[in-house]
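Numbering (our numbering), first residue to last: 1449 to 1558.
This is how it looks when you write it as structure tokens:
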């Protein structure tokens, strides 16, 4: 049968979402007193809070409801093989003439 774009293929219960509503303490955390958070946009603060939620769940290990999903996530070692944000000094030096490198160097300070 032809694919029907309006047909529901799967429904994921909200309790399975990595969403701030599922982490109320983190969602309510006031980060405005932290130096680098005071001027961040709300959307970026939400991303930071989501990262904190995932990190908190990772620390729980197998006790986390999200443990199996977290085990499937790429490792930092994997990201370091290709992601510019994790480029070493040698790579940054070799490509120093590219405008993006200044941004990467700035971001790496945080």
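We treat Cβ as the ideally placed atom computed from N, Cα and C, and that holds for glycine.
Note that the structure is predicted; figures quoted are calculated from it, not measured.
Between residue i and residue j, is the Cβ-Cβ spacing less than 7 Å?
i: residue 1518; j: residue 1500; result: no
i: residue 1532; j: residue 1552; result: yes
i: residue 1549; j: residue 1558; result: no
i: residue 1534; j: residue 1527; result: yes
Measuring only the C-alpha atoms, how far is residue i from residue j?
i: residue 1496; j: residue 1462; result: 20 Å
i: residue 1498; j: residue 1539; result: 30 Å
i: residue 1457; j: residue 1451; result: 10 Å
i: residue 1541; j: residue 1483; result: 29 Å
i: residue 1487; j: residue 1545; result: 29 Å
i: residue 1530; j: residue 1513; result: 30 Å
Go through its chain and collect everything with a Cβ distance to residue i's Cβ below 8 Å, but skip five positions before and after it.
i: residue 1460; result: none
Which same chain residues end up closer than 7 Å to residue i when comparing Cβ atoms and leaving out the 5 residues on each side of it in sequence?
i: residue 1524; result: none
Pick out whichever of the options has its Cα sitting closest to the Cα of residue i.
i: residue 1466; options: 1457, 1541, 1483 and 1506; result: 1506
i: residue 1471; options: 1489, 1454, 1503 and 1491; result: 1503
i: residue 1515; options: 1454, 1464, 1453 and 1455; result: 1464
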